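Residues in the sequence shown are numbered consecutively from 20, following this note's numbering.
We put the CB at the ideal spot given by N, CA and C, even for glycine.
No experiment lies behind these values; they were computed from the predicted model shown.
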Amino acid sequence: MKLLFVGAGMSGAVAGRQLAEAGHEVHIIDRRDHVGGNCHTERDGDTGVMVHVYGPHIFHTDDEGVWDYVNRFATFMPYKNRVKTTSQGAVYSLPVNLHTINQFYGKTMRPAEARAFLEEQADTSITDPQTFEDQALRFVGPDLYAAFFKGYTEKQWGCSPTDLPASILKRLPVRFNYDDNYFFHRFQGMPEHGYTALVEQMLDHPGITVQLGTDYTPGMADAYDHVFYAGPLDGYFDYKLGRLGYRTLDFEKFTEDGDYQGCAVMNYGDRDVPYTRITEHKHFSPWESHEGSVCYREFSRAAEPDDIPYYPIRMVDEKALLADYVALAEQAQGVTFVGRLGTYRYLDMDVTIREALDVADAFLAAQTEGRAM
Ligand code: FAD
20 MKLLFVGAGM SGAVAGRQLA EAGHEVHIID RRDHVGGNCH TERDGDTGVM
70 VHVYGPHIFH TDDEGVWDYV NRFATFMPYK NRVKTTSQGA VYSLPVNLHT
120 INQFYGKTMR PAEARAFLEE QADTSITDPQ TFEDQALRFV GPDLYAAFFK
170 GYTEKQWGCS PTDLPASILK RLPVRFNYDD NYFFHRFQGM PEHGYTALVE
220 QMLDHPGITV QLGTDYTPGM ADAYDHVFYA GPLDGYFDYK LGRLGYRTLD
270 FEKFTEDGDY QGCAVMNYGD RDVPYTRITE HKHFSPWESH EGSVCYREFS
320 RAAEPDDIPY YPIRMVDEKA LLADYVALAE QAQGVTFVGR LGTYRYLDMD
370 VTIREALDVA DAFLAAQTEG RAM
């Protein structure tokens, strides 16, 4: 069959690869001039540093099948994400852990002591937390909330934590040990030559053609048996019900000699610092050596129609609109919506890849059983 994929990010590359391997003719378009979607990496021309162009990406997963899959296409170098935050005039370790708590309160508590101490700080009058703020106050009390959660969250989401649902802080966001590995997952790493090289390897198959700098237009579908669409769901329907809300990011790039901040990611918890974090890209490739350094100051704001959509907002209004678009999508024939934009969800790369593998399997099963998709 002739299959069109809109979007050469992880979703399109993985599903496209699977279906090309199954013998289908796969054509992938992307409006950008590179493959890799938002995971795109490229070397900075002046310093040679591998830059995560659309923001920092760390691969982490508990899904061994996904880990094996990505390792088919790239060598993964060991990498653990250790995030720091500057807050109230000091630098702390994140996620909030025993080191953070002891440093913040000037104490030397052991795990059980710190747990008991934080329970004393917590606002136990909040029995059924509804908002992000309630949840944080219930878990960690006002001091840690103000230093590590409040300002950062206001900048990231552009609203008060009292307007965000408690579900954003699902679990106790604190560790009572000195583990500062940001992710819990068993498998973590960085592709040696960046994510774009990984995606290029996925796309390197005789059954796949790629056309960059090409926007999807509805008429294109006529030449294909099926379309896999990884672009924005509302965009597919020409925004006829309205626009789904996104946060976008602005990156202010600057270069330095040597080492600017000594770590890959430094958050800024204070509200009066306008950016949320600074990323120093060379620390994502600790096996490389570069004299110069490339950094991004990251600012978050509501996306305008021409901005890159980064984070789906998924508040009450968006969820209602999303349900209407999902109803339209379910009626649409000959198209499957995939990926973070096609399904309007924040998806880590490993989840994106798992879903793309499943979508390809479902398509093949439908073909075998003679079902339309
Ligand atoms: P995308 O990467 O967005 O690809 C979609 C592609 O479709 C784009 O290239 C776009 O140009 C193209 N397109 C859209 N519309 C059209 C159209 N009409 N015509 C033609 N082309 C079109 N995940 C992790 O696992 N670890 C991390 O550390 C991590 N960090 C992240 C940091 C940030 C700031 C963000 C926003 C995400 C992060 N993610 C991370 C998530 C990761 O970016 C996604 O899992 C991944 O990009 C999803 O791939 P995708 O193919 O679904 O979407």
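The beta carbons of ALA242 and LYS21 sit about 7 Å from each other, so the pair counts as a contact at 8 Å. DSSP places ALA283 outside both helix and strand once states are collapsed to three, so it counts as coil. GLY288 and TYR294 have their C-alpha atoms some 9 Å from each other. When Cβ pairs closer than 8 Å are counted between the two stretches, the region 315 to 328 is seen not to touch the region 208 to 218, the count staying below three. Of the residues assessed, ARG190 falls on the exposed side of the cut-off, its CB having fewer than 16 other CB atoms within 10 angstroms. As a beta-bridge residue in DSSP terms, ILE227 pairs with VAL45. In the three-state scheme derived from DSSP, where H, G and I count as helix and E and B as strand, CYS314 is classed as strand. Distance between THR274 and GLY67, taken at the CA atoms: about 12 Å. Secondary structure at GLN149: coil, using DSSP grouped into helix, strand and coil.
Excluding sequence positions up to five before and after LEU383, its CB lies within less than 7 Å of the CB of ALA41, all in the same chain and listed in chain order. In the three-state reduction of the DSSP assignment, THR236 falls in the coil class, being assigned neither a helical nor a strand state. A check of alpha carbon separations from TYR255 across THR236, GLY264 and PHE168 identifies THR236 as the nearest. Assigned with DSSP and collapsed to three states, ARG290 falls in coil, not helix or strand. In chain order, ALA27, ILE47, VAL54 and LEU222 place their CB closer than 7 Å to the CB of VAL229, counting only its own chain and leaving out the 5 sequence neighbours on each side.
For THR119, the enclosing alpha helix (DSSP H) has its first and last residue at 117 to 124. Restricted to the region 35 to 105, the alpha helix (DSSP H) segments that are unbroken, complete and at least 4 residues in length are 83 to 90, listed in chain order. With respect to the C-alpha of LEU183, the residue from ASP153, PHE202, GLY208 and ASP162 having the closest C-alpha is ASP153. Judged by the Cβ position, ASP369 qualifies as a neighbour of the ligand FAD at the 7 Å threshold, a heavy atom of the ligand being closer than this. In the structure shown, THR215 falls within a helical segment according to DSSP collapsed to helix, strand and coil.
For GLN207, the uninterrupted beta strand (DSSP E) segment begins and ends at 206 to 210. If the five residues before and after THR298 are omitted, its C-beta is found closer than 6 Å to the C-beta atoms of PRO75, VAL284 and TYR315, all from its own chain and listed in chain order. For TYR111, there is no enclosing alpha helix (DSSP H); the residue is part of the beta strand (DSSP E) that begins and ends at 109 to 112. Exposure of LEU231 is indicated by the presence of fewer than 16 other C-beta atoms within 10 angstroms of its C-beta. Between the alpha carbons of GLY160 and GLN175 lies a distance of about 21 Å. In this structure, DSSP gives ALA321 an extended state, which the three-state scheme calls strand. The residue among LEU376, LEU23, GLY389 and ASP369 with its C-alpha nearest the C-alpha of TYR214 is ASP369. A distance criterion of 7 Å places the beta-carbon of PRO251 in contact range of the ligand FAD, judged by its closest non-hydrogen atom. Across the set TYR329, VAL25 and GLN37, the C-alpha of GLN37 shows the shortest separation from the C-alpha of ILE372. Sorting GLY31, GLN386 and GLN149 by C-alpha distance to the C-alpha of ASN57 places GLY31 at the top.
For ASN57, the shortest C-beta to heavy atom distance toward the ligand FAD is below 7 Å.
THR94 has its alpha-carbon roughly 15 Å from the corresponding atom of PHE303. In this structure, GLY28 has its CB closer than 7 Å to one or more heavy atoms of the ligand FAD.
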